[in-house]
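Since the structure comes first, as structure tokens, the remarks are kept for the end.
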Amino acid sequence: MLIVDNVTIRRGAEVVVSGISLAAQRGELIALLGPNGAGKTSFLRTLVGLIPIASGSISWEGMSSSDLGRKWYSHFGYCPDRAPLISELSVKDYLGIVRDIKSPNIPISAIDDVIEGLGLTSVQDRQCGDLSFGFRQRVSVAQAVLSSPDVIVLDEPTQGMDPEQVVFFRNYIRRVMVDRIVVMATHHLSELVHLDAIYYILDKGRCVDNGVASHSLEQRYLSILRG
Amino acid sequence: MNSQWRAAKAVIKRDWISTMRRRLVLGLVGSFGGIVSVIFLILINSTRQPNVISMMVAVVGLIAMVLVPVIAAAPIVDDFISGFDDLVVCSPIASVTWVVARWLSGMGVVIAMLCGSLGILVALWILATPDWGMIVVAYLGWILMGMALVAIGVWAAVLTRRLVAASVVAIGVGLGLWILAPISVLTSGSVARVVNAIAWVNHTYGFEQGIINGGDVMYFVILTAIFLGNARWLYNRRRSE
Chain R
47 MLIVDNVTIR RGAEVVVSGI SLAAQRGELI ALLGPNGAGK TSFLRTLVGL IPIASGSISW
107 EGMSSSDLGR KWYSHFGYCP DRAPLISELS VKDYLGIVRD IKSPNIPISA IDDVIEGLGL
167 TSVQDRQCGD LSFGFRQRVS VAQAVLSSPD VIVLDEPTQG MDPEQVVFFR NYIRRVMVDR
227 IVVMATHHLS ELVHLDAIYY ILDKGRCVDN GVASHSLEQR YLSILRG
Chain U
670 MNSQWRAAKA VIKRDWISTM RRRLVLGLVG SFGGIVSVIF LILINSTRQP NVISMMVAVV
730 GLIAMVLVPV IAAAPIVDDF ISGFDDLVVC SPIASVTWVV ARWLSGMGVV IAMLCGSLGI
790 LVALWILATP DWGMIVVAYL GWILMGMALV AIGVWAAVLT RRLVAASVVA IGVGLGLWIL
850 APISVLTSGS VARVVNAIAW VNHTYGFEQG IINGGDVMYF VILTAIFLGN ARWLYNRRRS
910 E
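In order, the protein sequences belong to chains R and U. In terms of my numbering, the first sequence is residues 47 to 273. In terms of my numbering, the second sequence is residues 670 to 910.
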């Protein structure tokens, strides 16, 4: 179980996220919503260990990030908002390098599985720099799920995807989240209903609403943010 | 340990593929080999062979001072800009593994640059009777200088995270060490001794003359260790930011 307890994040003197708490179990999708600058990315980067917590705690299966040290990273797969690709490498080479750096103990066949699962077979030998934006996002998601992490952290994974790719991505997430937790920042509210997501709306670093996504989410989101 | 070694190999592979697919870098590596080859060719008809070899060691060393740190810094800076480094930061790879792997990648490029001039040695062997001892010492000197310059490039990349800034800092440090020798004439006593000890040129002179001096070898080894150690410290600090 992932537990975030009253977490505050600072950037210098500025508080970017304040008093966020949430809990998630395997099979759940947590969606972070909110306008740009609300603190979603900072929160996700904190979750994976890229930004330290100013106060509060985050724990996985009862162990805090400070207890686990570097082992903390092995529980998380992170897909940042900008696809962290290496332009000169082919998709397959890139995923091979990510595997060797992040989780060398997983079998090499995991690369083929994730390539197939995310529909990357046709572009696996193309250089990452030559891919369309949608495919770049897919490769970015592929590297995040490659090591079979317990928690998959996705920062706006569907940006730049066409509607067909979004549906493909949704189905893929539905498959992989069966025994994992997915934490995702997104602006595609309508997608969340299909994924039975639990949403948290952030505004100016604070959680202003949360609940289970329904068809009225978009209306609710706008009414809350417009005050 | 095994996982660290595999991670290091992956970083080296990443840098190697990336570097070798850049036309600019390939051009620079090729030009470097070409420059060394042309100077070697001069040797064939030269009656003042030792002077030409000395000049070659100095000139090539100066060119390397500009090229090598930039080539070493480029893939590191790319990773900072693309966000790939975020994946590395939240991976189990140790900072020391990361730094050493990046340094080894840079050394691979240095070796490739030197290999570009090896073909001409065959021509020299057939057409002339060069002083092979001086040539071997020259190559040893370049490898040692390359070690230090790659370390400076890695350090500058971690320090600045921008290619232009890293290039300016790395070339500045290299040239700073280089011009210390002429500056030392303005100093005296213990200050002059210290300045002379850290001046780059004072430690390349032996290689230019075909002499291997233990102090000169140590100078480049220590310089490499200092910059790599500092790069590791800076990278560790970034990981705990």
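The beta carbon of each residue, even a glycine, is placed where N, CA and C say it ideally should be.
Residue from the options with nearest C-alpha to residue i
i, options, result
"E237 (chain R)", "R:V258, R:L248, R:D249 and R:D225", "R:V258"
"T798 (chain U)", "U:V728, U:A676 and U:L710", "U:L710"
"R831 (chain U)", "U:G815, U:P744, U:A861 and U:M887", "U:P744"
"S88 (chain R)", "R:P203, R:D113, R:S133 and R:V62", "R:V62"
"L695 (chain U)", "U:S723, U:I740, U:L731 and U:M724", "U:I740"
"S136 (chain R)", "R:E202, R:H240, R:A231 and R:L166", "R:L166"
"G898 (chain U)", "U:V735, U:G845, U:S764 and U:V726", "U:S764"
"G95 (chain R)", "R:A84, R:L114, R:G108 and R:E107", "R:L114"
"G108 (chain R)", "R:A59, R:K117, R:M47 and R:S149", "R:M47"
"D171 (chain R)", "R:K117, R:K250, R:E134 and R:R266", "R:E134"
"L359 (chain R)", "U:H872, U:A894, U:M814 and U:C759", "Outside the shown range of chain R, which is 47 to 273, sits residue 359 (chain R), and nothing can be said about it."
"V698 (chain U)", "U:M724, U:R690, U:F753 and U:A781", "U:A781"
"R691 (chain U)", "R:G123, R:G102, R:F214 and R:Q173", "R:Q173"
"V199 (chain R)", "R:L78, R:L263 and R:V228", "R:V228"
"P209 (chain R)", "R:S64, R:I152, R:P153 and R:G180", "R:G180"
"V721 (chain U)", "U:W847, U:L828 and U:I804", "U:I804"
"V254 (chain R)", "R:S178, R:Q189, R:V222 and R:P81", "R:P81"
"G802 (chain U)", "U:Q878, U:P851 and U:M724", "U:Q878"
"A231 (chain R)", "R:Q71, R:G85 and R:G58", "R:G85"
"I152 (chain R)", "U:L855, U:R675, U:V726 and U:V728", "U:R675"
"A650 (chain U)", "U:A742, U:K678 and U:W847", "The structure shown does not extend to residue 650 (chain U), since chain U spans only 670 to 910, so no value can be given for it."
"A825 (chain U)", "U:Y874, U:W902 and U:I795", "U:W902"
"L849 (chain U)", "U:V827, U:G810 and U:T873", "U:T873"
"G730 (chain U)", "U:L783, U:A894, U:M689 and U:K678", "U:L783"
"R116 (chain R)", "R:M223, R:S149 and R:L177", "R:S149"
"N627 (chain U)", "U:R908, U:V837 and U:G810", "Because chain U in this structure spans residues 670 to 910, residue 627 (chain U) falls outside the shown range and cannot be described."
"R906 (chain U)", "U:V860, U:L828 and U:L813", "U:L828"
Cβ separation of residue i and residue j, assumed to be a contact under 8 Å, to the nearest whole Å
i, j, result
"Y904 (chain U)", "V768 (chain U)", "6 Å"
"I247 (chain R)", "L75 (chain R)", "Not confirmed; about 15 Å, so no contact."
"A650 (chain U)", "F876 (chain U)", "Since the first residue shown for chain U is 670 and the last is 910, residue 650 (chain U) is missing from the structure and cannot be characterised."
"S853 (chain U)", "A868 (chain U)", "6 Å"
"G206 (chain R)", "Q183 (chain R)", "6 Å"
"I132 (chain R)", "S687 (chain U)", "6 Å"
"V779 (chain U)", "V819 (chain U)", "6 Å"
"G251 (chain R)", "S64 (chain R)", "5 Å"
Cutoff 7 Å; reference residue i; Cβ partners in own chain excluding five residues on either side
i, result
"I821 (chain U)", "P738, A839, V842, G843 and F896"
"V50 (chain R)", "I66, S67, L68 and I104"
"R771 (chain U)", "V680, D684, I745 and V823"
"R220 (chain R)", "L241"
"D127 (chain R)", "T87, D201 and E202"
"H121 (chain R)", "W106, P195, D196 and V197"
"Y267 (chain R)", "L79, L235 and I247"
"I270 (chain R)", "I247, V254 and D255"
"G815 (chain U)", "A733, V737, M776 and V779"
"R216 (chain R)", "E237, H240 and L241"
"S723 (chain U)", "E877 and Q878"
"Y218 (chain R)", "G163 and L164"
Chain-order list of residues whose beta-carbon lies under 6 Å from that of residue i (same chain, five-residue window excluded)
i, result
"G702 (chain U)", "G785 and S786"
"S186 (chain R)", "C125 and A129"
"W118 (chain R)", "G95 and S111"
"D754 (chain U)", "D748"
"M725 (chain U)", "I708"
"D225 (chain R)", "R72"
Same chain, Cβ closer than 8 Å to residue i, neighbours up to 5 away in sequence not counted
i, result
"I157 (chain R)", "K138, L141, G142, R145 and L192"
"I99 (chain R)", "V53, T54, I55, T92 and S111"
"V735 (chain U)", "I840 and G843"
"V212 (chain R)", "T204, H234 and E237"
Chain C within 8 Å of residue i, Cβ atoms only
i, result
"Y119 (chain R)", "Among the chains of the structure shown, chain C does not appear; the protein chains present are R and U."
Along the chain, which unbroken stretches of the alpha helix (DSSP H) at least 4 residues long are found entirely within the region 117-157 of chain R? 137-148
Beta carbons nearer than 8 Å to chain U: which residues of the region 94-106 of chain R have them? V94, G95, L96, I97 and P98
Of the residues that make up the region 121-142 of chain R, which ones have a beta carbon closer than 8 Å to any beta carbon in chain U? Of all residues in the region 121-142 of chain R, only F122, Y124, P126, R128, A129, P130, L131, I132, S133, E134, L135, D139 and G142 come within less than 8 Å of chain U when Cβ atoms are compared, listed by chain position.
Between the region 186-210 of chain R and chain U, which residues of the former have a C-beta closer than 8 Å to a C-beta of the latter? Q189
Could you please tell me which residues of the region 140-159 of chain R, in chain order, have their CB closer than 9 Å to any CB of chain U? Listed in chain order, the positions of the region 140-159 of chain R with a beta carbon within less than 9 Å of a beta carbon of chain U are Y140, G142, I143, V144, R145, D146, I147, K148, S149, P150 and N151.
Contact set between the region 672-705 of chain U and chain R, restricted to residues whose Cβ is under 8 Å from the partner: Along the region 672-705 of chain U, going in chain order, the ones with a CB nearer than 8 Å to a CB of chain R are S672, R675, A676, K678, A679, V680, K682, R683, I686, S687, R690 and R691.
Taking a cut of 7 Å between CB atoms, which residues from the region 758-785 of chain U lie near chain R? For the region 758-785 of chain U, which is checked against every Cβ of chain R, the residues closer than 7 Å are V758, C759, S760, P761 and I762.
Give the residues from the region 244-267 of chain R that approach chain U closer than 9 Å (Cβ to any Cβ), ordered along the chain. Of all residues in the region 244-267 of chain R, none has a C-beta nearer than 9 Å to a C-beta of chain U.
Along the chain, which unbroken stretches of the beta strand (DSSP E) at least 3 residues long are found entirely within the region 167-221 of chain R? 197-201
Report the residue ranges of all alpha helix (DSSP H) runs contained in full by the region 855-894 of chain U; include only those spanning at least 4 residues, in chain order. 858-867 and 869-877
Which residues, in order along the region 61-79 of chain R, keep a beta-carbon less than 8 Å from a beta-carbon of chain U? Within the region 61-79 of chain R, no residue places its CB atom closer than 8 Å to a CB of chain U.
Between the region 740-760 of chain U and chain R, which residues of the former have a C-beta closer than 9 Å to a C-beta of the latter? P744, D747, D748, S751, G752, F753, D754, D755, L756, V757, V758, C759 and S760
Against chain U: residues of the region 106-117 of chain R by CB proximity under 7 Å: R116
Going along the chain, which unbroken runs of the alpha helix (DSSP H) with 4 or more residues stay wholly within the region 57-127 of chain R? 86-93 and 111-114
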